[in-house]
Amino acid sequence: METNLQHEDLLIKLRAKLNEDKIKLWEPPYIQPDNGISQSLQELAKKYSTALSIDLDTILQGLHELQLHSVDRSKANEEYKETGFATLRIKATIPGERPKIMKVQKKLYVMGSDLITAVAEEIGMAQIRLKLIFNGKVIKPTSSLEEQGIKNGVQIMALIMSKTPDEVKKEDEMYLEMKSTREDAALLSKYADEDYMKLEDQSGKAIELPAGERRALLVGLALHERGRAAARRQDYSRALVLLLDADRQLSECSSSILKSVDNYAVLQLDIAWCYLCLQSLSSATDAAARLARAEASLLRIYGEQHQTVAELKGNLATERVLLMRLYLLQGIVAYHQNKRAEARQLLDKAESELNLLRVDETSVCALVELGWSRAQARGGLRAAGGDRDRAHLLLAARRDARRDLRRRASDDRRRAREERKRGLCADGSAVSPQLVRGLQAMGYTRRRATLALRAANNRAAEAVRLIQEQPELLEAMGYESEEAKAALRVTNNSLDEAANLLVASGGHIVDGAANPTDPSTSAATSSKKKPNKHKKSKRKEECEMALERLSSAIRTEEDDHLDTTLIEEEEFLAQYKSLL
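So the sequence shown is numbered by the working numbering: it starts at 1 and just counts up by one.
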């Protein structure tokens with residue numbers, strides 16, 4: 001990678017000099033009919049060799065490479081005007097090999113599948129192992145190239161997925177898991193009110209979302225975590241595909257939700273990190289846009305001077321990890337955009353943050369022995385300035401604070417569920433829990449008391465009277481008189497059973513006989529109640545299984561996204577600072 005970076009550095013410097021001197025290498029006197037090296041090009045190389053203090057042959061080879069590229073691009077533009085065939089430059093990232101550059105010509109009205117087939121044949125790979133990425137999005141096989149913003153002369157990234165039998169099996173399992181993730185999220189979102197899974201913002205406050213956004217957010221979080229897991233294994237091709245899919249899912253959520261959590265900012269950083277590790281320098285523009293979004297998001301959440309971190313995280317300022325990686329990536333992007341002064345400034349900021357993040361491994365092990373994870377231990381030590389005892393106290397305080405917040409949120413949700421169960425009175429007011437308890441003290445069941453108070457608009461005396469006139473009470477629930485009477489006859493005048501029967505049957509009672517012991521009537525009642533109970537039990541089981549699968553896909557350890565050993569960051573920082 002060092003050699004590639006050095007060569008890219010040379011081309012960046014040469015492009016800057018050519019732009020400064022307004023020289024067009026594809027025009028006379030620099031161009032030769034046979035694309036050979038002209039005398040004018042040699043003289044220009046001598047001039048730049050002196051100016052840049054770089055070997056003459058290296059400069060000449062670099063200028064000739066840029067010249068041939070310019071000539072090819074000019075020819076491609078002419079051919080596109082004449083024939084409509086666009087020339088697309090494909091950079092294939094193949095595991096264990098150097099990146100491969102190729103050209104493919106296609107008319108822009110063809111489907112994405114046409115381009116995928118052509119690239120797969122050129123590389124000699126199965127189409128299922130190939131993912132094409134342009135402008136931060138995976139190319140769709142069912143849309144035309146033009147619809148996806150592809151134009152003549154653009155460069156497209158080709159990612160080759162793993163191809164050994166074991167790896168193919170794992171990859172197939174990954175796509176099945178992605179499908180399962182979407183289905184699980186859809187199921188849990190449908191029954192969001194039943195408290196199967198709750199989402200929290202940075203402070204631990206519960207986030208309430210419509211079913212559609214909730215589903216998109218759950219799927220996005222799960223895909224993001226799977227992408228991060230692939231990146232930790234240094235499988236950056238797979239990681240990038242998963243992360244871009246996560247980005248597509250999260251884009252379906254409202255901007256206000258994305259502004260309240262740092263997941264979106266972390267995702268943008270992770271995508272830019274994959275670009276860097278895949279040496280996708282052509283993605284610098286998309287990376288710059290993503291980093292700008294990440295920076296804006298972090299500043300909204302943590303403040304210009306990070307003044308809100310102490311309030312939200314109990315002085316656990318491990319967000320420095322995000323800032324360090326942000327500055328590092330911004331500096332690298334600026335370097336590839338030939339903004340050297342800006343790049344140097346950003347890399348210096350990244351280095352300052354990185355120095356503050358270093359921790360003693362002995363202290364990490366000591367905290368792990370106290371029950372903290374390695375990620376928590378590193379975060380605590382970074383927040384405590386390396387003080388082991390203070391780190392332990394900070395971690396414990398933060399754990400207790402979040403636990404209390406969750407307990408209060410759980411109590412609030414429980415009270416809200418109970419209020420929904422009690423329902424509203426006929427006048428729209430909430431049924432009083434105190435009056436319900438009062439009627440219960442008089443010997444009435446909770447359900448009977450609740451129903452009576454609904455009909456009586458929270459007037460206790462009236463509620464008692466209504467309880468004694470059962471058909472009228474059931475009518476007050478919204479059922480017709482005949483339906484209420486039929487339900488009471490079938491259930492032997494049991495108000496609770498009659499109410500359950502009306503709810504289960506939707507108000508349609510088959511009144512076979514007044515005597516509840518009549519076999520036909522009992523059978524009818526039983527057949528209506530059992531399927532409903534079975535259906536509810538089955539739904540609960542399905543939701544709990546979906547929750548278990550989805551929970552395993554989404555990180556449960558808080559702030560593990562803020563953990564890093566800093567090894568890769570230090571390597572990239574050293575490489576790019578040496579180039580500057």
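No residue lacks a Cβ here, since even glycine has one placed at the ideal position from N, Cα and C.
Between E419 and A409, the C-beta gap is not smaller than 8 Å, which leaves the two residues out of contact. Using a 10 angstroms sphere on the CB of R407, the tally of other CB atoms stays under 16, which defines it as exposed. Distance between N35 and Q42, taken at the CA atoms: about 13 Å. Along the region 2-89, the alpha helix (DSSP H) occurs as fully enclosed runs of 4 or more residues at 2-21, 39-52, 56-83, listed in sequence order. At least 8 Å separates the beta-carbon of G331 from that of L354. When the five nearest sequence neighbours on each side are left out, the beta carbons in the same chain lying within less than 8 Å of the beta carbon of I116 are those of Q127, L130, L132, I139, P141, in order along the chain. Boundaries of the beta strand (DSSP E) around A158: 155-160. Under the three-state reduction of DSSP output, T117 falls in the helix class. Straight across, the Cα-Cα distance linking R73 with E82 is about 14 Å. Per DSSP, the continuous beta strand (DSSP E) segment holding L130 begins and ends at 130-134. Following the DSSP letters along the chain, one finds K103 inside the beta strand (DSSP E) bounded by residues 100-107. Cβ-Cβ distances below 8 Å link H392 to L367, L370, W372, G380 in the same chain, with the five nearest sequence neighbours on each side left out; the list follows chain order. Between the alpha carbons of L323 and I257 lies a distance of about 21 Å. Membership of N355 in the alpha helix (DSSP H) is indicated by the continuous run 340-357.
Rounded to whole angstroms, the separation of the alpha carbons of R448 and L501 is 14 Å. Bridge pairing for K91: I101, M157 [DSSP]. Using a Cβ distance threshold of 8 Å, Q67 and L25 count as a contacting pair. The beta carbon of L278 sits closer than 8 Å to those of T93, M157, L159, Y236, S237, L240, all from its chain and outside the five residues before and after it, given in chain order. The beta carbon of I467 sits closer than 7 Å to the beta carbons of Y444, R448, A452, L473 from its chain, once the five residues preceding and following it are set aside; these are given in chain order. Beyond the five residues adjoining it in sequence on each side, K17 comes within less than 6 Å, by CB distance, of Y48 in the same chain, given in chain order. In the structure shown, the three-state DSSP call for S256 is helix. Taking L250 as reference, the option from H224, W273, S280, A231 with the minimal CA-CA separation is H224.
M125 has no beta-bridge partner at all, per DSSP. Cβ contact annotation for S363 (same chain, cutoff 8 Å, sequence separation greater than five): A377, L381, G386, R388, A391, in chain order. Counting of Cβ neighbours within 10 angstroms places E483 among the buried residues, the total reaching 16 or more.
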